[in-house]
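There are 2 protein chains.
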Amino acid sequence: MSDTANRIVDIMAELIQTRGYSAVSYQDIADAIGIRKASIHYHFPSKGDLGEAVIRQYNKSLLDELEAVAADPGASASDKLEAFLEPYLSFRGDDQRVCLCGALAGEFFALPKGMQAEVTKFFEAHQGWLTNLFAACKKDGSMKMPGSPEQTARLFFGAMQGALLAKRAANDDTQIDDVATTLRALVA
Amino acid sequence: MSDTANRIVDIMAELIQTRGYSAVSYQDIADAIGIRKASIHYHFPSKGDLGEAVIRQYNKSLLDELEAVAADPGASASDKLEAFLEPYLSFRGDDQRVCLCGALAGEFFALPKGMQAEVTKFFEAHQGWLTNLFAACKKDGSMKMPGSPEQTARLFFGAMQGALLAKRAANDDTQIDDVATTLRALVA
DNA sequence: GTCTATACAAAGATAGAC
DNA sequence: GTCTATCTTTGTATAGAC
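Protein sequences appear in the order of chains A and B. Take the first sequence: its position 93, counting from 1, is numbered 616 in the numbering used here, and each next residue is one higher. Take the second sequence: its position 73, counting from 1, is numbered 596 in the numbering used here, and each next residue is one higher.
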């Protein structure tokens with residue numbers, strides 16, 4: 524992908540994470556990176572094409588991390604849990620973004636089908652990763668947990684997604700740490 | 524509020540809950556209830572006015588329920604928790620909606636300031652209600668809990684908001700029950 | 001690859017008749 | 001209160017010069 528295409532994807536991701544997909548226009552992107560609207564269409568013919576590219580890059584970036592930790596024999600169960608939490612914790616501070624796919628999930632049926640499919644992948648992949656982690660922990664007894672591996676995965680995933688929304692809507696930075704701390708204690 | 528105004532608010536709520544605020548137009552509403560765009564402007568001069576009215580009605584409807592249960596001397600702590608969970612559980616089935624304010628939180632900075640303020644109120648009121656519930660339970664020992672009353676409130680609230688998004692994005696109805704079941708077990 | 005120019009549809013909103 | 005008609009701006013997208 525060209526340098527310009529990368530800049531377009533990056534700024535689009537940021538704009539979606541702050542305002543949502545429907546509210547972002549090619550004009551917004553053009554203004555942000557100092558080119559013309561028509562140039563964006565050269566790289567991404569339709570807005571849906573761009574949206575898909577944004578989600579795919581986001582998914583890949585996060586999943587690469589998770590898979591690397593999962594495959595690391597030196598990483599403890601706790602290390603792996605922290606690897607899951609880390610991206611959410613990174614939204615602390617005055618960051619106005621939420622999870623890309625969390626934002627998109629809120630306007631799900633306004634999205635083109637191709638984007639919907641990518642959002643679905645994100646949810647399934649992250650919940651699946653957590654389920655695998657907790658299933659392994661259940662086997663070797665390295666973590667207690669409040670329900671089945673899948674139930675626990677869903678609780679953890681949903682709680683962090685919700686915490687991001689709450690942090691921003693209630694303008695309270697401590698939301699993320701509060702939920703992360705409580706989740707850690709549940710399996711400690 | 525007139526009958527037409529009520530119908531406008533109701534359909535707008537449903538459209539926001541399925542597609543988000545930015546993706547809904549006056550034309551969509553007009554088509555849905557069989558009137559003309561201009562008629563909507565008579566009742567709600569601007570889209571932001573309508574958005575605010577929608578959130579206010581949503582907030583009032585849910586908070587009235589919660590406050591009634593909180594004030595009911597015959598309601599146990601468990602009854603009160605169920606009253607909190609009930610609106611989330613109602614999204615099970617083939618309902619394509621999520622929580623109105625959960626959807627709006629995802630596109631927070633695309634909203635007019637007046638709407639942002641109403642969304643903030645929702646988050647603070649519901650987390651506050653839960654915090655009060657758990658604080659009372661801590662005093663009388665009627666529930667165990669995994670953290671402080673406020674931390675527990677944030678966990679419960681975020682987890683249910685996240686569960687709604689996950690249910691729809693992953694197209695898996697069991698998400699909501701799984702999370703609700705796990706939460707109940709945490710304080711049982 | 002980026003630009004100017006433009007097409008075309010849809011958006012939010014207002015004026016004024018009924 | 002609802003309508004038709006219209007305004008103005010913005011949206012996505014394409015054509016074609018450079």
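We put the CB at the ideal spot given by N, CA and C, even for glycine. Small disclaimer: the values here were computed from a predicted structure and weren't measured.
For Leu-688/B, the chain A residues whose C-beta falls within less than 7 Å of its own C-beta are Gly-625, Ala-628, Gly-629, Gln-684, listed in chain order. Here Met-524/A is exposed, its C-beta having fewer than 16 other C-beta atoms within 10 Å. By the Cβ-count criterion, Lys-560/A is exposed, with fewer than 16 other Cβ atoms from all chains shown falling within 10 Å of its own Cβ. With a contact defined as Cβ atoms closer than 8 Å, Asn-582/A and Lys-662/A miss out at about 28 Å. For Cys-622/B, no alpha helix (DSSP H) run applies, since DSSP gives it neither H nor E. With contact defined as three or more Cβ pairs closer than 8 Å, the stretch 702-711 of chain A and the stretch 530-545 of chain B are not in contact.
Scanning Met-666/B, Leu-604/B, Gln-639/B for the CA closest to the CA of Glu-590/B turns up Leu-604/B. Contact between Ala-711/A and Leu-656/A does not hold, since their C-beta atoms are separated by about 15 Å, which reaches or exceeds 8 Å. Taking Arg-677/B as reference, the option from Lys-667/A, Met-666/A, Arg-677/A, Asp-695/A with the minimal CA-CA separation is Asp-695/A. Among the residues facing chain B, Thr-643/A is included, as its CB has a counterpart in that chain under 8 Å away. Assignment of Phe-614/B by DSSP, reduced to helix, strand and coil, places it in the coil class.
A residue is called buried once 16 or more other Cβ atoms fall within 10 Å of its Cβ, and Ser-545/A is buried on that count. Exclusion of the five residues before and after Phe-614/A leaves Arg-620, Val-621, Cys-622, Leu-687, Lys-690, Ile-699 as the residues of its chain whose Cβ lies within less than 8 Å of its Cβ. Not flagged as an interface residue toward chain B: Glu-609/A, since no C-beta distance is shorter than 8 Å.
Chain-ordered listing is empty here: chain B has no CB closer than 9 Å to the CB of Gln-550/A, the nearest sitting near 14 Å.
Taking 8 Å as the threshold, the shortest C-beta distance from Ala-546/A to chain B falls below it. DSSP places Pro-568/B outside both helix and strand once states are collapsed to three, so it counts as coil. Along the stretch 540-596 of chain B, the alpha helix (DSSP H) occurs as fully enclosed runs of 4 or more residues at 549-556, 560-566, 570-594, listed in sequence order.
Taken through DSSP and simplified to helix, strand or coil, Lys-667/B comes out as coil. Identification of residues in the stretch 649-680 of chain B having a C-beta nearer than 8 Å to some C-beta of chain A yields Gln-650, Pro-669, Gly-670, Glu-673, Gln-674, Thr-675, Arg-677, Leu-678, Phe-680, given in sequence order. Taking 8 Å as the threshold, the shortest C-beta distance from Arg-542/B to chain A falls below it. The residue from Gln-650/A, Leu-709/A, Gln-639/A, Gly-670/A with its alpha-carbon nearest to that of Leu-586/A is Gln-650/A. Contact check for Pro-669/B against Leu-709/B passes: the beta carbons are separated by less than 8 Å. Close partners of Ala-528/B in chain A (Cβ separation under 9 Å) are lacking, with about 25 Å as the shortest Cβ gap. Chain order gives the chain A residues near Glu-647/B as Ala-693, where near means a beta carbon separation below 8 Å. Asn-694/B carries a coil assignment under DSSP once its states are collapsed to helix, strand and coil. Taking all protein chains shown into account, Gln-540/A has 16 or more neighbouring C-beta atoms within 10 Å of its C-beta and is therefore buried. The closest CA to that of Asp-526/B, considering only Gly-637/B, Ser-562/B, Gly-681/B, is found on Ser-562/B.
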